[in-house]
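The structure appears right after this line, and notes come after that.
There are 2 protein chains.
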Amino acid sequence: MAYRSTERVKARLSASRERIIAAALEIMAGHGYAGCSVAAVAERAGVATGTVYRHFPTKADLFAEVFRTASQREVDAVARAAAQRATAAAQMSAVVETFAGRALQSPRLAYALLAEPVDPAVDAERLTFRRAYADLIAGHVAAGVASGELPAQDPHLTATALVGALAEAMVGPLAAGVAGPGTIPDLIRFIHRALGVSP
Amino acid sequence: MAYRSTERVKARLSASRERIIAAALEIMAGHGYAGCSVAAVAERAGVATGTVYRHFPTKADLFAEVFRTASQREVDAVARAAAQRATAAAQMSAVVETFAGRALQSPRLAYALLAEPVDPAVDAERLTFRRAYADLIAGHVAAGVASGELPAQDPHLTATALVGALAEAMVGPLAAGVAGPGTIPDLIRFIHRALGVSP
DNA sequence: GCAAGGACTGAATGGTGGTTCACTTCTTGC
DNA sequence: GCAAGAAGTGAACCACCATTCAGTCCTTGC
Chain A
1 MAYRSTERVK ARLSASRERI IAAALEIMAG HGYAGCSVAA VAERAGVATG TVYRHFPTKA
61 DLFAEVFRTA SQREVDAVAR AAAQRATAAA QMSAVVETFA GRALQSPRLA YALLAEPVDP
121 AVDAERLTFR RAYADLIAGH VAAGVASGEL PAQDPHLTAT ALVGALAEAM VGPLAAGVAG
181 PGTIPDLIRF IHRALGVSP
Chain B
1 MAYRSTERVK ARLSASRERI IAAALEIMAG HGYAGCSVAA VAERAGVATG TVYRHFPTKA
61 DLFAEVFRTA SQREVDAVAR AAAQRATAAA QMSAVVETFA GRALQSPRLA YALLAEPVDP
121 AVDAERLTFR RAYADLIAGH VAAGVASGEL PAQDPHLTAT ALVGALAEAM VGPLAAGVAG
181 PGTIPDLIRF IHRALGVSP
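Line order of the protein sequences matches chains A and B.
One point on numbering: in UniProt numbering, the residue at position 33 of the first sequence is 33, and numbering is uninterrupted.
One point on numbering: in UniProt numbering, the residue at position 151 of the second sequence is 151, and numbering is uninterrupted.
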């Protein structure tokens, strides 16, 4: 027993793991999932291809984690913005503004997270991303219904449909790189109507 | 000049082409796009793999046409159902009922058309599918706004968002194979609110 | 029947890119 | 310094599957 991994090594390993994830994210933001060969990720992270496999059993596992990380970051940002508002209507405005604003800031990444073709195993992670948004929105809707601000409705169905509406409405602008000036206010009006916010 | 293709041969060629498309559709309906290797399609159509390439330059071209055919069929069915109603509200009810009803009838095919990972070239065809739905809905919305049934709004944005809402709301039920009994009525209520249909 | 030329065949080809593994380099405890 | 064992390397491997093509069969006009 002449070797047992020590704290210093563990820290280096975990740093290396983080660097691989960060490299994958950077490539996604620059060239989409399509540009993310394992070799390219390894090179950008400054390690050999084989090293990637010391941290992740398969490419799909690596990207499941990449998607999870990126998604969590997005959902957290949206949740934080919404939490600073008082009414359901204002909360949903914050959701749309934050979601759309961040997506337009990194359109390639947003497209990869939302809609780009990926392996099925990674696609599954995308579902949890959308569900996380839906849960977040459902919470605000349920509170709005409870307080009487919104009419009676199934908060989960409403939230799911709104996530779809939001994502679909962003796909066009993401492809173009910018949204027309009226898009986001119009989208907010649409969503307020859909929630039953009284005018 | 001892051979020039005659009507009979042209008919056989076109029949063969149709059979290849039909075979691809059947495999999609059974095993999704993932099960659609060229060899599998050829076998089901009763031709050799090479023959597929006498009709389509690449696999992507074949599936672009398959998607176009299947999408057109869906959009036509929805358009027909909507055309039989008089008000925008009733037209949208028909859209939801027809879209959701048909999707639940062939969940695997619906999933492939809506959301399954496919090559980028085929993905482009999916966009036109969604745009066709959006255009259809936008027409009814614009008419509703013009007649005063619906409040002022950007019909195209509304329609795009509704397509997203509809698709997203169906993904869960499609995975499960059935929708809960309240899902479709609730979805119709949601969409009526979003349109601004007066209660 | 026959020559010309298209249609059909399906085994072989080739490109891609994820994954492996024999080898090298580094770390640890003594 | 040294042995034991882990981490790191990257060229080679391999599975998969779209695509090709040389050979065969079929259709046509005479």
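Just so it is clear, CB atoms sit at the ideal spot from N, CA and C, and this is done for glycine as well.
> Considering only the beta carbon of each residue, do B/A82 and B/V66 sit closer than 7 Å?
Replying inline: Residue 82 of chain B sits at position 82 when you count from the first residue of the second sequence. Residue 66 of chain B sits at position 66 when you count from the first residue of the second sequence. No, Cβ-Cβ distance for B/A82 and B/V66 is not below 7 Å.
> Taking 7 Å as the CB-CB cut-off, is A/E74 touching chain B?
Replying inline: Your numbering for residue 74 of chain A matches position 74 in the first sequence. No, because no Cβ of chain B sits closer than 7 Å to the Cβ of A/E74.
> Straight-line CA distance for A/A89 to B/A40?
Replying inline: Residue 89 of chain A sits at position 89 when you count from the first residue of the first sequence. Residue 40 of chain B sits at position 40 when you count from the first residue of the second sequence. Approximately 52 Å, taken between the alpha carbons.
> So, B/V122 versus B/A167, is the Cβ gap smaller than 7 Å?
Replying inline: For this step, residue 122 of chain B is matched to residue 122 along the second sequence. For this step, residue 167 of chain B is matched to residue 167 along the second sequence. Contact: no.
>> Tell me whether the region 40-52 of chain A and the region 128-136 of chain A touch, counting them as touching only if at least three CB pairs, one residue from each stretch, are closer than 8 Å.
In response: no
> Can you find at least 3 beta carbon pairs, one from the region 174-188 of chain B and one from the region 102-110 of chain B, that sit closer than 8 Å?
Replying inline: yes
> Which of the residues in the region 151-169 of chain B, read from start to end, lie with their CB under 9 Å from any CB of chain A?
Replying inline: P151, Q153, D154, L157, T158, T160, A161, L162, V163, G164, A165, L166, A167, E168, A169
>> With a threshold of 7 Å between beta-carbons, can A/F190 be considered close to chain B, or not?
In response: Here residue 190 of chain A refers to the residue found at position 190 when the first sequence is read from its first residue. A/F190 counts as touching chain B.
>> If distances are taken between C-alpha atoms only, which option among A/A179, A/R126, A/T98 comes closest to A/R85?
In response: Numbered from 1 along the first sequence, position 85 holds the residue referred to as residue 85 of chain A. The residue with the shortest Cα to Cα distance from A/R85 is A/T98.
>> Since B/V141 and B/T158 should fall inside the 8 Å C-beta cutoff, what is the C-beta to C-beta distance between them, to a whole number of angstroms?
In response: Sequence index remark: in the second sequence, residue 141 of chain B carries index 141 (1-based). Sequence index remark: in the second sequence, residue 158 of chain B carries index 158 (1-based). Yes, B/V141 and B/T158 are in contact; Cβ-Cβ is about 5 Å, under 8 Å.
> At a CB-CB cut-off below 8 Å, which residues of chain A make contact with B/D186?
Replying inline: In the second sequence, residue 186 of chain B corresponds to position 186, counting from 1. Within 8 Å Cβ-Cβ: Q153, D154, L157.
> Using 8 Å as the Cβ pair cut-off and three pairs as the minimum, do the region 149-157 of chain A and the region 188-197 of chain A touch?
Replying inline: yes
> Who are the neighbours of A/G196 on chain B, taking C-beta pairs under 8 Å?
Replying inline: Reading the first sequence from its first residue, position 196 is the one you call residue 196 of chain A. Here the neighbours are R193.
>> Our contact map puts B/T69 next to B/I21 with C-beta atoms below 8 Å; I'd like the distance itself, whole angstroms only.
In response: Numbered from 1 along the second sequence, position 69 holds the residue referred to as residue 69 of chain B. Numbered from 1 along the second sequence, position 21 holds the residue referred to as residue 21 of chain B. So it is a contact: roughly 6 Å between Cβ atoms.
> Is the beta carbon of A/H55 sitting closer than 7 Å to the one on A/R8?
Replying inline: Locating residue 55 of chain A in the first sequence gives position 55, where the first residue counts as 1. Locating residue 8 of chain A in the first sequence gives position 8, where the first residue counts as 1. No.
> Hey, A/P117 and B/P117: beta-carbon distance below 7 Å or not?
Replying inline: Here residue 117 of chain A is taken as the residue at index 117 of the first sequence, counted from 1. Here residue 117 of chain B is taken as the residue at index 117 of the second sequence, counted from 1. Cβ distance < 7 Å, so A/P117 and B/P117 count as in contact.
>> Spatial neighbours of A/G35 within its chain, please: C-beta separation below 8 Å, excluding the five flanking residues on both sides.
In response: The residue given as residue 35 of chain A occupies position 35 in the first sequence. The answer, listed in chain order, is I27, M28.
> Closest to A/G144 by CA distance: which of A/A115, A/D135, A/Q91 is it?
Replying inline: As a position in the first sequence, residue 144 of chain A is number 144, starting the count at 1. If we check each option's Cα against that of A/G144, A/Q91 comes out closest.
> Taking Cβ positions, are A/I188 and A/S37 nearer each other than 7 Å?
Replying inline: Here the question's residue 188 of chain A lines up with position 188 in the first sequence. Here the question's residue 37 of chain A lines up with position 37 in the first sequence. In this structure, A/S37 does not lie closer than 7 Å to A/I188 by Cβ.
> How big is the Cα-Cα spacing for B/A179 and B/D186?
Replying inline: For this step, residue 179 of chain B is matched to residue 179 along the second sequence. For this step, residue 186 of chain B is matched to residue 186 along the second sequence. Going by the C-alpha atoms only, they are around 11 Å apart.
> What does B/D135 reach in chain A if we use C-beta pairs closer than 8 Å?
Replying inline: Locating residue 135 of chain B in the second sequence gives position 135, where the first residue counts as 1. Within 8 Å Cβ-Cβ: nothing; B/D135 doesn't reach chain A, min ~13 Å.
> From B/I137 to A/K10, what distance separates their C-alpha atoms?
Replying inline: As a working mapping, residue 137 of chain B is identified with position 137 in the second sequence. As a working mapping, residue 10 of chain A is identified with position 10 in the first sequence. Going by the C-alpha atoms only, they are around 57 Å apart.
> DSSP on B/R85, reduced to helix/strand/coil?
Replying inline: In the second sequence, the residue the question calls residue 85 of chain B occupies position 85. Of the three classes helix, strand and coil, the one that applies to B/R85 here is coil, per DSSP.
> Is any beta-carbon of chain A found at less than 7 Å from that of B/P117?
Replying inline: The residue labelled residue 117 of chain B in the question sits at position 117 within the second sequence. Interface residue, yes.
> Counting only runs that start and end within the region 147-196 of chain A, where is the alpha helix (DSSP H) found for 4 or more residues in a row?
Replying inline: 155-176, 183-195
>> Is it buried or exposed, A/H192, if we count other Cβ atoms within 10 angstroms and call 16 or more buried?
In response: For the purposes of this step, residue 192 of chain A is taken as residue 192 along the first sequence, with counting starting at 1. A/H192 should be labelled buried.
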